[in-house]
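Heads up: the sequence shown begins at 466 in this note's numbering, then just goes up one per residue.
Glycine residues also receive a C-beta, built at the ideal position from the N, C-alpha and C atoms.
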Amino acid sequence: MSKIRKVFFVLVTCLAMVGATVLPRTVINAQGDTTTQEDAGYMKVYSVDAGRKYFSVDQIKQIIDKIATLGFSHLQLLFGNDGLRLVLDDLSVSAGGEEYSHERVKTAIENGNRRYYDDPNGNALTQAQMEEILAHAQSRGIKVIPGLNSPGHMDTILNAMEELGITNTRVVNGSKTSKTTVELENTKAVEFTRALISRYVAFFNGKAEFFNLGADEYANDTGSGFAYLQSRRTKDYQKYKYTLFIDYINSIAQVIKDNGMKPVAFNDGIYYKSTDRFGTFDSDIIVAYWIAGWNGYDVAKPFYLNRKGHKLLNTNDGWYYVVGLDEYTDSTHNNPYTGPKAHERLPRIQFTGLPGGRGEPVLGAIVCMWADYPSNTYDASVPFAFLDKYAQQHNQYFNRRYITEYVTTDGVEIEPSTINDEKQSAKTFDDYEFVSSEDTEFGIKYKYAKKLTTKYVDVNDEELEVVKQREFATNKEFPGYTFVETRLGEEVTTHVYYKNKTTKFVDEQNADVDTQVVGREFAAQKDIDGYTFVETTVADDVTTHVYYKNKTTKFVDEQNADVDTQVVGREFAAQKDIDGYTFVETTVADDVTTHVYYKNKTTKFVDEQNADIDTQVVGREFADKKVIDGYTFVETTVADDVTTHRYEVVTDKVLSNTPTDVSVMGTSVSLKDATALVVEPKTLANVTNEYNAYDITLVNEKGDVVQPSAPVRVVLPATKEVDGVFYINGDNKEAIPFTREGNTVVFEVEHFSVYAVVYKAEASTTMPTPPTEKPTPPTDEMANTTTQPTNNMTNMPTPPTSEMANTSKQPTNNMTNMSTSSTDNMTNMQTQSNEQKDTSKMMLLPETGTAANDYLFIGVAFVILSGIVWQVRAKKDEMK
466 MSKIRKVFFV LVTCLAMVGA TVLPRTVINA QGDTTTQEDA GYMKVYSVDA
516 GRKYFSVDQI KQIIDKIATL GFSHLQLLFG NDGLRLVLDD LSVSAGGEEY
566 SHERVKTAIE NGNRRYYDDP NGNALTQAQM EEILAHAQSR GIKVIPGLNS
616 PGHMDTILNA MEELGITNTR VVNGSKTSKT TVELENTKAV EFTRALISRY
666 VAFFNGKAEF FNLGADEYAN DTGSGFAYLQ SRRTKDYQKY KYTLFIDYIN
716 SIAQVIKDNG MKPVAFNDGI YYKSTDRFGT FDSDIIVAYW IAGWNGYDVA
766 KPFYLNRKGH KLLNTNDGWY YVVGLDEYTD STHNNPYTGP KAHERLPRIQ
816 FTGLPGGRGE PVLGAIVCMW ADYPSNTYDA SVPFAFLDKY AQQHNQYFNR
866 RYITEYVTTD GVEIEPSTIN DEKQSAKTFD DYEFVSSEDT EFGIKYKYAK
916 KLTTKYVDVN DEELEVVKQR EFATNKEFPG YTFVETRLGE EVTTHVYYKN
966 KTTKFVDEQN ADVDTQVVGR EFAAQKDIDG YTFVETTVAD DVTTHVYYKN
1016 KTTKFVDEQN ADVDTQVVGR EFAAQKDIDG YTFVETTVAD DVTTHVYYKN
1066 KTTKFVDEQN ADIDTQVVGR EFADKKVIDG YTFVETTVAD DVTTHRYEVV
1116 TDKVLSNTPT DVSVMGTSVS LKDATALVVE PKTLANVTNE YNAYDITLVN
1166 EKGDVVQPSA PVRVVLPATK EVDGVFYING DNKEAIPFTR EGNTVVFEVE
1216 HFSVYAVVYK AEASTTMPTP PTEKPTPPTD EMANTTTQPT NNMTNMPTPP
1266 TSEMANTSKQ PTNNMTNMST SSTDNMTNMQ TQSNEQKDTS KMMLLPETGT
1316 AANDYLFIGV AFVILSGIVW QVRAKKDEMK
């Protein structure tokens, strides 16, 4: 119930007391007949809020037993109130043109309960559990009134609809959005709610006489919900929202009636403000009248509802108790419905006294236990104490009843328990013997012991002994017999035995080699570890199997795993050759000789066609890879006990550049990635001797620059006497060892860059004549033309720029003792980059390698001037 009413509780109590004093004995029984007898036909209902808080099956059964013994007639089980604590086996819903499967709806409801309050004691009852509760209630003479509240108090259903994709389901009143109430103008949400409720109503068809549809406190968490409904028109302005409320309640009532039950609803929303100008409610709705309203909450009074044809149930909130509010004052929530206050109000409220009533006839009364704060702990003794006092206060309406149980000493029911106005006497049962009786919380329990017979027989059903007593006797020993089994019957337990037959297992010295077997039949000879069977002898009830002691020979590896079949016999077996293994040693321990071997490991050396190129090695360990002449190692693979070192054949490989007659000689290994040789003649500044300079680059099939994986030989043309071969790196130079082979020089390198062949100077008295025209640098087409390599490589890619080539490392072979003339001539030598080819600013060297006359004159003058400067400095040093 809403917190709003708490402020006006005193006024409500006064109204309840006024209503309680008028004509308390007038009653309409459940069949609609009017009577003045105080207890005739009254519905005496206890209501449990099992929607907000989870109550277990055992807790509900205990409540049923309690109210049955107090004389109540009904249990109202509100499984749907804020929460929804019942999940049926089929919750599939068709609404708004969409189908919602059982699993989706079930999951959405369970998740909706968690969002509302994740009760650690349980989420929801199953259909089977509800059926168990209904059966127990029937056995106690209690009728169940199921309850599923809407369109308010349906937090879980709203949560579930949102999870299922239905939007805008909640009432919005100004700036407040309801947590509990569905928006009645949302057709899809209303259809889903009605379809879901119909599932639950159909389940109780034939199981209940009444069904409570709720209908109270519409959107009271946003203000006065019913006043809001009566003051707001629908979006199409055709009607007021309260008319939608009436239509909705009537539709749910019709669903209930269609399923053979009578609809029940709480009173505050029925004819709010005592007006029917918005429409009329189905008069078949029984009104559970709990409150006469308060200031600002103007509910219809009992006389108005009675005049409209509604039957009434006195659901007086003066009897309300909220679980966990066990102190007189609720300082946390300021909730007036505490246990002590309910006890205090009880004497002032008559059983038929409606709040604000004028003696209107009633069907009966409902006492309610609410769970406004579901996390509060439920202690059954608190509401039970109030129910005791309530029944005593209204003892003219309640007859104390007693549950009589007849059970075995271990609690098994002998016959169904009964509930009567008096405790029943103990009964006599042919098959049971009375043991004791004990008073219980709800009546009396009689305990009985079964009259039991125990027989001891052999396998031929010959009796050895018979025992009769309260309990079955256990099996016991009989000389010369062995227990076989126990046969259980309702009245007789039979222990079965067989005559013993003994089987022995001995060696040739008659010593036991295995446990004797005593059984119904002789045991056959069997394999015994460490022994071999010889013969069997029989004498009376004893059979003897004779064996000799085995001598076992094992063949194992160094990890003690068998490598050949063990030999078991009278003598040990000798060691032998075993394929794939090599003998190591023999050990002897007692009756076991062990020959130890090691597993052979084979190492192969093969080429790419898997052909052997060296002798296989067989031994305890694998052999390492090694150098094999004419081959280069590729990889090692291991498979089980074989390691394979794979090699490839090393072949000669030559790359040539035709325009320059430059060649590179290596192998298929060192030049593996190279597919073409790119050579670009280079011009060097400040060189007086004749020379040839080349920027040499290796490229792969993609045109990327590559380097050899091992030293290779470079062959450069040399038609004159060579002064030296140099590696050029910017302003630096390194002399390289070389050999002269005919008209070429040959040297070895690991990386490629710019290399120069410098010729010795020729004696001449005449200055050479400069060329009449500048030499033409080699074109890309010329540079890209190479000799056909030995492996028929074609389509040489575009060579990289000299800038890329000049990033290579220095050669590993450095010359430290260059000739004097070569050193002087190379002092100021620099590599001219491709970007500095503006011939208008700098003369290129002629093809002969000599500079123009003007440059020669300037060079000579520079040398003379340098000598004069050096002599002047020397004189100055002497003068100091």
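Query - Between the CA atoms of Ala625 and Asn576 - distance to the nearest angstrom - result: 7 Å
Requested in this report: Pick out whichever of Phe816, Glu887 and Asp844 has its Cα sitting closest to the Cα of Gln861.
Outcome: Phe816
Requested in this report: Using the Cα positions of Ser658 and Tyr665, report the straight-line distance between them to the nearest angstrom.
Outcome: Sequence check: residue 658 is Thr here, not Ser. When rounded, the distance between both Cα atoms is 11 Å.
Report task. Determine the direct distance from the alpha carbon of Val1190 to that of Asn1165, and round the result to whole angstroms. Result -> 27 Å
Report task. Any chance you could list the beta strand (DSSP E) runs of at least 3 consecutive residues sitting entirely within the stretch 1029–1108, in chain order? Result -> 1046–1054, 1057–1064, 1066–1071, 1077–1084 and 1096–1104
Query - Counterpart residues of Pro728 in DSSP-defined beta bridges - result: Phe676
Requested in this report: Specify, as a first and last residue, the run of the alpha helix (DSSP H) that Arg569 falls within.
Outcome: His567 to Tyr582
Report task. Could you please give the first and the last residue of the uninterrupted alpha helix (DSSP H) stretch that includes Glu534? Result -> This sequence places Thr at residue 534; Glu is not what is there. Here the alpha helix (DSSP H) through Thr534 covers Val522 to Leu535.
Requested in this report: Output the distance between the C-alpha atoms of Ala1248 and Glu1145, rounded to the nearest integer angstrom.
Outcome: In this predicted model, Ala1248 has a pLDDT of only 37, less than 50, meaning its place in the structure is not dependable; the value taken from the coordinates is given anyway. Approximately 6 Å between the Cα atoms of the pair.
**Report entry** Straight-line gap, Asp555 to Asp584 (C-alpha atoms, nearest Å)
**Finding:** 23 Å
Report task. Using DSSP bridges, identify the partner residues of Phe1191. Result -> Ala1200 and Ala1221
Query raised in the report: Taking the alpha carbon of Lys933 as the point to measure from, which residue in Thr919, Gly945 and Thr939 has its own alpha carbon closest?
Result: Thr919
Query raised in the report: Would the beta-carbon of Val1021 fall within 8 Å of that of Asp1027?
Result: yes
Query raised in the report: For the candidate residues Thr794, Pro839 and Ile750, whose alpha-carbon lies nearest to that of Leu777?
Result: Ile750
Requested in this report: Can you give me the Cβ contacts of Ile879 inside the same chain, cut-off strictly under 8 Å, excluding the 5 residues immediately before and after it?
Outcome: Tyr871, Val872, Thr873, Phe894, Tyr897 and Tyr913
Query raised in the report: Taking Lys888 as the reference, which of Thr905, Val877, Glu656 and Phe899 has the closest Cα?
Result: Thr905
Query raised in the report: In terms of residue numbering, what span does the beta strand (DSSP E) encompassing Thr621 cover?
Result: Unbroken run through Thr621 is the alpha helix (DSSP H), Asp620 to Glu628; no beta strand (DSSP E).
Query - Residue environment, Glu825, which counts as buried when at least 16 other CB atoms sit within 10 Å - result: buried
**Report entry** the stretch 579–596 in contact with the stretch 681–693 per 3-pair CB rule at 8 Å
**Finding:** no
Report task. Counting only the same chain and skipping the five closest in sequence on each side, list residues whose C-beta sits under 7 Å from that of Val847. Result -> Asp791 and Gly804
Requested in this report: Can you have a look at Thr959 and say buried or exposed, based on whether 16 or more other CB atoms are within 10 angstroms of its CB?
Outcome: buried
Query raised in the report: At which residues does the beta strand (DSSP E) containing Pro881 begin and terminate?
Result: Glu878 to Asn885
Query raised in the report: By Cβ distance below 6 Å, which residues in the same chain neighbour Phe691 in space, the five residues on each side in sequence not counted?
Result: Tyr683, Gly734 and Tyr737
**Report entry** Sheet register partners of Thr919 (DSSP bridge)
**Finding:** Val932 and Thr958
Query raised in the report: Would you call the stretch 825–844 and the stretch 518–536 touching, i.e. three or more CB-CB distances under 8 Å?
Result: yes
Query raised in the report: Ile814 lies in the alpha helix (DSSP H); which residues open and close that run?
Result: Per DSSP, Ile814 belongs to no alpha helix (DSSP H) and is neither H nor E.
Query raised in the report: Asn1157 bridges to which residues according to DSSP?
Result: Val1222
Query raised in the report: Helix or strand or just coil, what does DSSP make of Ile717?
Result: helix
Query raised in the report: Of the residues Ser615, Tyr1192 and Lys1225, which one's Cα is nearest the Cα of Phe1217?
Result: Tyr1192
Report task. Spell out the partners DSSP gives His798 in its beta bridges. Result -> Answer by DSSP bridge pairing: none, since His798 is not bridged.
Query raised in the report: For Phe676 versus Val729, is the C-beta spacing smaller than 8 Å?
Result: yes
**Report entry** Identified DSSP bridge partners for Asn546
**Finding:** Gly548
**Report entry** CA-to-CA distance, Ala1175 to Pro1235, given in whole angstroms
**Finding:** Reliability of the predicted coordinates at Pro1235 is poor, the pLDDT of 41 falling under 50, and the value obtained from them is presented with this limitation in mind. Cα-Cα distance, rounded: 43 Å.
Report task. Under 8 Å by Cβ, that's how I've got Phe743 and Thr708 pegged, so tell me the actual separation to the nearest angstrom. Result -> 5 Å
Report task. Spell out a yes or no on whether the stretch 1219–1227 and the stretch 1152–1160 are touching, meaning 3 or more CB-CB pairs, one atom from each, closer than 8 Å. Result -> yes
**Report entry** Beta-carbon proximity list for Lys969, same chain, < 6 Å, skipping 5 on both sides
**Finding:** Gln981 and Thr1009
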